[in-house]
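In what follows, a single structure is set out as structure tokens and then discussed.
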Amino acid sequence: MPNRPPGSATGIACANIAFIKYWGNRDETLRLPVNGSISMNLAGLETRTSVTFSDNRQEDSLSINGRPITGAALQRVASFLNLVRQMAGIHTCAEVTSESNFPSRAGIASSASGFAALALAASRAAGIKLDEAGLSRLARRGSGSACRSIPGGFVEWQVGTGDSDSYAVSIAPPGQWPLVDCIAIVSSDPKATGSTEGQALAGTSPLQTSRVADAPRRLEVCRNAILQRDFAAFAGIVELDSNMLHAVMMTSTPALFYWQPATLTVMQAVQAARAKGLPVCYSIDAGPNVHVITEVAEQERTANLLRGLPGVQEVRAAHVGGPARIFSEA
Ligand code: DP6
636 MPNRPPGSAT GIACANIAFI KYWGNRDETL RLPVNGSISM NLAGLETRTS
686 VTFSDNRQED SLSINGRPIT GAALQRVASF LNLVRQMAGI HTCAEVTSES
736 NFPSRAGIAS SASGFAALAL AASRAAGIKL DEAGLSRLAR RGSGSACRSI
786 PGGFVEWQVG TGDSDSYAVS IAPPGQWPLV DCIAIVSSDP KATGSTEGQA
836 LAGTSPLQTS RVADAPRRLE VCRNAILQRD FAAFAGIVEL DSNMLHAVMM
886 TSTPALFYWQ PATLTVMQAV QAARAKGLPV CYSIDAGPNV HVITEVAEQE
936 RTANLLRGLP GVQEVRAAHV GGPARIFSEA
């Protein structure tokens, strides 16, 4: 039952970078993943989303960074609001406004921070107060990776047995390990194939079965490396997982190639720098930009190295971020 009548609320959530990646669903509607994943929240790369339910509204509306949005993106948000309305037992339409403080040209996916902030704001505005697991489950329905932007710090999304236990939990607070993600931006063009579309092809790759079968092992190695602050073990497993993801993408039908020549330049420079003793490793999502993870003490050296590489347009750094939070409610 609603705690209070529907009103408005504003939520804030960080983006996240997965070290062990989510790619493929066993249930598309519920967004139940084929494997668990581990990520780190990205402090300072945030989306702030306000939701206002009002009886005067005939339909849901959406604006992102000041621009009115219609079509498929609005439909995705309206379907998500339907879940919230169902939970709250209301039928009211809502106005949703969302702002991200990182330009989409930075090539950092905003669906994780966006749906995490929306889950928090919409549920509160609808008059219901969910616990962290409930919020994470709700965010998962909007975008899988969004469930990992609800808890703080280093986060694991449990594969679960079904809707009720497939959510993300914090495995260590932000202070556990002062890591920083130096994002080497090599292209700001919109990607040709979005994550949802790309993931639907995962099962067509003959390599996906092996990637998924080996996932519990990679999750364990990654989790232990974080808990023990073991950079060598961490670097090995993070790069392996990213390489396996891209092997699946490249061997899907149709094949998906997200890399640009500069992507490979950065990957090779990172491996060469690590061989010389710099604690760095790379991880690449469904795009050409390279997330280079290092320890905060080496942030400047790493950023300078990346800035000097041909094809790198810009480097953005993000430390380990906290949980999604309510900014205001009325
Ligand atoms: C490569 O969470 O964006 O970044 O659930 O369809 O919205 P949807 O997909 P999304 O996929 C993220 C894919 C990834 C890996 C990861 O973040 O785990």
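Numbering of the sequence shown is given in this note's numbering, commencing with residue 636 and proceeding in unit increments. The beta-carbon is built from N, C-alpha and C at its ideal position, and this holds for glycine as well.
Host beta strand (DSSP E) of residue i (start-end)
| i | result |
| --- | --- |
| Met898 | Note that residue 898 corresponds to Thr in the displayed sequence, not to Met. Segment 896-910 is the alpha helix (DSSP H) holding Thr898; no beta strand (DSSP E) there. |
| Cys916 | 915-918 |
| Thr684 | 672-689 |
| Ala803 | 803-807 |
| Phe654 | 643-655 |
| Asn736 | Where Asn736 is concerned, there is no enclosing beta strand (DSSP E), given that its DSSP letter is neither H nor E. |
| Cys579 | The first residue shown for the chain is 636 and the last is 965, placing residue 579 beyond what the model contains. |
| Arg951 | 949-954 |
| Gly697 | Residue 697 is actually Leu in this sequence, not Gly. Looking at the DSSP string, the run of the beta strand (DSSP E) that includes Leu697 is 696-699. |
| Arg661 | 660-662 |
| Glu791 | 789-792 |
C-beta contact flag for residue i and residue j at 8 Å
| i | j | result |
| --- | --- | --- |
| Gly671 | Gln793 | yes |
| Phe688 | Ile725 | yes |
| Ala959 | Ala752 | yes |
| Gln934 | Cys857 | no |
| Asp876 | Arg853 | yes |
| Ala744 | Asp865 | no |
| Leu944 | Val901 | yes |
| Thr886 | Ser840 | yes |
| Ala850 | Gly659 | no |
| Ala644 | Ile961 | yes |
| Arg783 | Ser674 | yes |
| Ser882 | Leu842 | Reading the sequence as shown, one finds Ala at residue 882 and not Ser. Yes, they are a contact pair. |
| Pro808 | Thr727 | no |
| Gly779 | Arg666 | yes |
| Ala729 | Leu716 | yes |
Through-space distance from residue j to residue i, alpha-carbon basis
| i | j | result |
| --- | --- | --- |
| Glu949 | Leu941 | 9 Å |
| Met636 | Ile872 | At Met636, the pLDDT of 48 sits below 50, so the modelled position is not reliable; the number obtained from the coordinates is stated separately. So the two alpha carbons sit approximately 45 Å from each other. |
| Asn676 | Val955 | 6 Å |
| Pro668 | Arg692 | 35 Å |
| Gly946 | Leu899 | 10 Å |
| Leu709 | Glu694 | 11 Å |
| Val632 | Tyr917 | Absent from the model: residue 632. The displayed extent of the chain is 636 to 965, so no value can be given. |
| Ala756 | Arg776 | 15 Å |
| Ala781 | Cys649 | 9 Å |
| Ile647 | Ser805 | 17 Å |
| Leu880 | Arg639 | 44 Å |
| Arg936 | Ala870 | 17 Å |
| Lys764 | Ile820 | 38 Å |
| Gly957 | Ala754 | 16 Å |
| Phe750 | Leu770 | 10 Å |
| Ala965 | Asp690 | 15 Å |
| Val905 | Ala938 | 11 Å |
| Pro738 | Ser830 | 18 Å |
| Asp800 | Ala707 | 29 Å |
| Ala890 | Ile652 | 23 Å |
| Val847 | Tyr657 | 10 Å |
| Ala907 | Leu913 | 9 Å |
| Thr705 | Ala723 | 25 Å |
| Ser696 | Gln863 | 46 Å |
Nearest residue (CA-CA) to residue i, options the options
| i | options | result |
| --- | --- | --- |
| Leu814 | Thr645, Gly642, Ala678, Asp662 | Ala678 |
| Gly788 | Ala774, Gly777, Ala803 | Ala803 |
| Trp812 | Ile647, Asn660, Ala932 | Ala932 |
| Gly922 | Ser805, Ser823, Asn859 | Ser823 |
| Leu773 | Val821, Arg720, Leu862 | Arg720 |
| Thr888 | Glu832, Val905, Ile820, Ala870 | Glu832 |
| Ala768 | Arg759, Ile785, Glu930, Ser758 | Ile785 |
| Asp798 | Arg951, Asp662, Ala938 | Asp662 |
| Ala952 | Val927, Ala965, Asn878, Ser963 | Val927 |
| Glu930 | Phe892, Ala867, Ala904 | Ala867 |
| Ser845 | Asn878, Ala860, Ile861, Gln863 | Asn878 |
| Thr828 | Ile704, Ala907, Trp894 | Trp894 |
| Thr664 | Ser698, Arg711, Val790 | Arg711 |
| Lys826 | Ile861, Val790, Gln863, Phe892 | Phe892 |
For residue i, the first and last residue of its enclosing alpha helix (DSSP H)
| i | result |
| --- | --- |
| Glu930 | Unbroken run through Glu930 is the beta strand (DSSP E), 925-930; no alpha helix (DSSP H). |
| Asp876 | 866-885 |
| Pro703 | No alpha helix (DSSP H) holds Pro703; the beta strand (DSSP E) holding it covers 702-704. |
| Val799 | Before going on, a small fix: residue 799 reads as Ser here, not Val. Counting along the chain, Ser799 falls outside any alpha helix (DSSP H), and DSSP gives it neither H nor E. |
| Ser758 | 746-760 |
| Ile725 | That residue, Ile725, is in no alpha helix (DSSP H); it is neither H nor E in DSSP. |
| Gly773 | Gly is not the amino acid found at residue 773; the sequence shown has Leu there. Start and end: 767-777. |
| Val847 | 843-848 |
| Glu964 | Premise fails: Glu964 lies in the beta strand (DSSP E), 960-964, not in any alpha helix (DSSP H). |
Heavy atom of the ligand ADP within 7 Å of residue i beta-carbon
| i | result |
| --- | --- |
| Gly956 | With respect to small molecules bound, the structure shown includes the ligand DP6 and not the ligand ADP. |
Segment contact flag, the segment 729-741 with the segment 676-691, C-beta cutoff 8 Å, min 3 pairs: yes
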